[in-house]
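If you're matching positions, the sequence shown starts at 1 in full-length UniProt numbering and goes up one per residue. For reference, the structure discussed in these notes is given below.
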Amino acid sequence: MLGSLHGRSSIRPHILLQPAEFRFGFRRAPELSAMKTRFIAAVAKLTGFLLGLLHSTAARKWRNSGTGSIVLEEAWTVPELLNTVSMVPPLGVPFDQFRANFLDIHGRRLDLMNKYNIDYMVLSCANPCIQGISDPIAAAAMAVSVNDRLAAAISNNTERFGAFAALSMHNATEAAQELRRTVKELGFLGALVNDYQQSGPDNATLLYYDQPGYDVFWRTVTELDVPVYFHPRSNIGQIASLMYAHAPFIKGPAEEFAVTLSNHILGLCVNGVFDRFPSLKIIVGHLGERLPSDLFRIDEQLRRSKPFGLTMQRDASSYWRTNLYETTSGNFATSLLKFHIDEIGLERIMYSVDYPFVLISEGAAWIQNLSQVLNISELNSLKRGVAIKLLHLDD
1 MLGSLHGRSS IRPHILLQPA EFRFGFRRAP ELSAMKTRFI AAVAKLTGFL LGLLHSTAAR
61 KWRNSGTGSI VLEEAWTVPE LLNTVSMVPP LGVPFDQFRA NFLDIHGRRL DLMNKYNIDY
121 MVLSCANPCI QGISDPIAAA AMAVSVNDRL AAAISNNTER FGAFAALSMH NATEAAQELR
181 RTVKELGFLG ALVNDYQQSG PDNATLLYYD QPGYDVFWRT VTELDVPVYF HPRSNIGQIA
241 SLMYAHAPFI KGPAEEFAVT LSNHILGLCV NGVFDRFPSL KIIVGHLGER LPSDLFRIDE
301 QLRRSKPFGL TMQRDASSYW RTNLYETTSG NFATSLLKFH IDEIGLERIM YSVDYPFVLI
361 SEGAAWIQNL SQVLNISELN SLKRGVAIKL LHLDD
């Protein structure tokens with residue numbers, strides 16, 4: 001090191017060993033400090049680049065048994081959000097146990113994964129999570145906190161657990177930044193949003209991500225090449241009181257979730273999000289919130305709107321072949337699955353459970369019985385193959 005410096009400078013060797021204030025005089029100390037700051041910043045930038053390069057090129061290590069399932073709509077939350085989660089446990093599950101299941105990862109949850117041959121589980125924040133926080137500052141802070149805590153919670157067993165980021169969708173640019181951080185720095189596999197973002201002082205301003213203002217977010221999603229999972233949420237009180245006061249028991253999964261979320265998904269279609277971002281990948285749970293069951297009528301009616309200004313470039317059904325995926329979470333209907341395979345293709349469908357809202361044992365029993373209607377290759381595609389490709393688990 002000294003030799004190379006000697007060859008480029010007339011500074012004598014002994015000067016190099018003296019403190020900076022003697023070598024350069026007090027007048028040049030600020031200049032030296034600035035040079036030192038720039039050097040440290042450059043080293044930090046290079047280190048960050050190298051770490052990012054290592055992260056992006058290193059293969060993800062996960063438990064790949066070759067036959068076990070991958071599930072990706074599985075709920076978790078933090079204690080301060082637990083009371084916002086709709087608490088209707090599966091039949092036979094005690095209420096206290098049900099609540100505890102949302103906070104557990106490495107105990108009962110992992111035991112059930114081992115018992116029922118689940119290789120890998122992607123965790124996400126139970127609805128409404130950040131979408132239920134109307135204050136933008138509080139929502140953004142909670143999203144970062146939830147993501148950091150989930151990353152820490154699974155850090156000792158990333159071979160069995162992955163994560164979808166929770167995002168505040170009040171600001172599209174900030175949502176894009178947090179998604180990039182969680183994917184690049186925390187190793188997350190994408191994001192899960194719980195339908196619309198409530199906003200405003202009365203919680204009644206609803207933000208939908210099918211508007212052009214969210215293009216900056218969708219551009220980042222496609223650059224990162226990760227999916228965004230659209231999950232339903234309980235409606236704000238004003239909507240719930242208007243629509244469900246006459247029949248409160250159809251709130252939630254029985255009817256409300258499918259109706260509300262399918263509205264948002266069709267909004268992505270008719271407002272041109274997939275036309276502007278043709279490589280965008282969106283996942284919809286519960287066998288597509290009924291949309292693939294009604295594609296004929298949706299397409300037929302939307303074609304009638306073309307003369308009145310609808311600019312969507314394709315039929316809604318076609319986006320299920322290129323941009324939209326569905327999971328079986330909480331909807332273990334074999335006849336419906338077969339119909340959806342005919343409608344959108346098996347390559348757009350993935351197995352999931354919806355734990356702890358749904359029993360892992362129930363999903364496992366259904367999967368086992370599917371061997372009567374699907375061959376081994378088809379069953380593996382549903383259980384794991386499509387998910388491996390979509391989530392880049394083997395890349």
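Note that CB positions come from ideal geometry on N, CA and C, so glycine has one too. Treat the numbers as computed from the prediction; the structure is a model and nothing was measured.
Closest residue to residue i among the options (Cα-Cα distance)
i: threonine 220; options: Ala152, Arg60, Asn157 and Glu174; result: Glu174
i: serine 199; options: Ala176, Ser69 and Ile133; result: Ile133
i: glutamate 343; options: Lys383, Pro292, Arg314 and Lys281; result: Pro292
i: alanine 316; options: Met243, Leu91, Gly272 and Glu255; result: Gly272
i: tryptophan 320; options: Val284, Glu300 and His264; result: Val284
i: proline 201; options: Gly92, Ala138, Leu346 and Asn83; result: Ala138
i: alanine 333; options: Pro128, Gln372, Leu287 and Thr322; result: Leu287
i: serine 352; options: Gly68, Asn64, Arg60 and Ile250; result: Gly68
i: threonine 327; options: Ile70, Asn64, Glu362 and Arg63; result: Ile70
i: tyrosine 229; options: Ile250, Glu289 and Leu207; result: Glu289
i: threonine 322; options: Phe296, Ser305, Lys306 and Ile349; result: Ile349
i: histidine 231; options: Pro128, Tyr120 and Val386; result: Pro128
Other residues of its chain near residue i: CB distance less than 6 Å, five sequence neighbours each side excluded
i: tyrosine 116; result: Ile360 and Ala364
i: alanine 152; result: none
i: isoleucine 298; result: Ala316
i: threonine 47; result: Any reading at threonine 47 is ruled out, since the residue's pLDDT is 37, under 50, leaving its predicted position unreliable.
i: lysine 383; result: Ser69 and Tyr351
Cut-off 8 Å between Cβ atoms - residues of its own chain near residue i, not counting five sequence neighbours on either side
i: valine 358; result: Pro90, Ser329 and Gly330
i: proline 136; result: Ser168, His170, Asn171 and Ser199
i: arginine 149; result: Val78
i: leucine 266; result: Leu291, Ile298 and Ala316
Opposing strand residues paired with residue i [DSSP bridges]
i: methionine 350; result: Thr327
i: glycine 162; result: Val122
i: leucine 206; result: Gln198
i: isoleucine 283; result: Tyr229 and Tyr325
i: isoleucine 70; result: Tyr120
i: phenylalanine 82; result: According to the sequence provided, residue 82 is leucine. The question's phenylalanine does not apply to it. Beta-bridge pairing links leucine 82 to no other residue.
i: valine 193; result: Phe230
i: alanine 75; result: Ser124
Inter-residue spacing [alpha-carbon to alpha-carbon] between residue i and residue j
i: asparagine 235; j: serine 86; result: 11 Å
i: aspartate 195; j: glutamine 131; result: 7 Å
i: valine 122; j: arginine 303; result: 38 Å
i: lysine 281; j: glycine 252; result: 25 Å
i: isoleucine 376; j: glutamine 368; result: 11 Å
i: isoleucine 388; j: leucine 72; result: 11 Å
i: glutamine 301; j: serine 155; result: 48 Å
i: arginine 180; j: histidine 246; result: 43 Å
i: glutamate 74; j: phenylalanine 102; result: 9 Å
i: alanine 143; j: glutamate 255; result: 28 Å
i: asparagine 114; j: leucine 242; result: 44 Å
i: serine 381; j: leucine 261; result: 26 Å
i: proline 278; j: glycine 92; result: 44 Å
i: alanine 166; j: alanine 258; result: 21 Å
i: aspartate 395; j: tyrosine 244; result: 46 Å
i: lysine 61; j: asparagine 263; result: 37 Å
i: asparagine 147; j: threonine 84; result: 18 Å
i: glutamate 378; j: valine 386; result: 10 Å
Beta-carbon proximity list for residue i, same chain, < 7 Å, skipping 5 on both sides
i: tyrosine 214; result: Ala172
i: leucine 189; result: Val122, Gly162, Ala163, Phe164, Val226 and Leu391
i: tryptophan 218; result: Val273, Phe277 and Leu280
i: arginine 108; result: Asn101
i: valine 216; result: Ala172, Thr173 and Ala176
Residue i CB to nearest heavy atom of the ligand FAD below 7 Å
i: serine 262; result: The ligand FAD is absent from the structure shown, which contains no ligands of any kind.
Is the segment 81-99 close to the segment 153-164, with three or more CB pairs under 8 Å?
Cβ pair count under 8 Å is below three, so no.
Stretch-stretch touch, CB-based, cutoff 8 Å, three pairs: the segment 332-341 with the segment 307-314
Touching, no, given that fewer than three Cβ pairs across the two stretches are closer than 8 Å.
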